[in-house]
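Undergrad:
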Amino acid sequence: MAVIAETRSGPIRGLEKDGVLLFAGIPYATTRRKTIVFDDTSGVAKDPDGEERAAWEGLR
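The numbering used here numbers the first residue of the sequence shown as 21 and each following residue consecutively.
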């Protein structure tokens with residue numbers, strides 16, 4: 021069944037199945053993401069080989 025959620029940015033459409041709500045394809049934090057990706061270096065860590073890597077790289 022289709023459901024609509026009202027947000028500050030406008031309504032979004034999702035689905036409900038077996039009591040679970042799914043809102044797929046939402047571009048969360050898109051304006052902030054550009055700043056984080058290109059300006060913020062707090063998530064960069066040095067590894068023993070001296071290469072810079074994202075702090076979350078390799079986590080599963």
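Don't be surprised by glycine CBs; every beta carbon is placed ideally from N, CA and C.
Under three-state DSSP, which class holds residue 25?
TA: DSSP places residue 25 in strand when its eight states are reduced to three.
Undergrad: How is the beta strand (DSSP E) around residue 45 delimited, first residue to last?
TA: Here residue 45 belongs to no beta strand (DSSP E), and DSSP marks it neither H nor E.
Undergrad: Using a Cβ-Cβ cutoff of less than 7 angstroms, which residues in the same chain neighbour residue 36 once the five nearest sequence positions on both sides are dropped?
TA: Hits under 7 angstroms: 21, 23.
Undergrad: Just to confirm, are residue 34 and residue 42 a CB contact at a threshold of 9 angstroms?
TA: Cβ distance < 9 angstroms, so residue 34 and residue 42 count as in contact.
Undergrad: Hey, how far is the Cα of residue 28 from the Cα of residue 44?
TA: Answer to the nearest angstrom: the Cα atoms are 17 angstroms apart.
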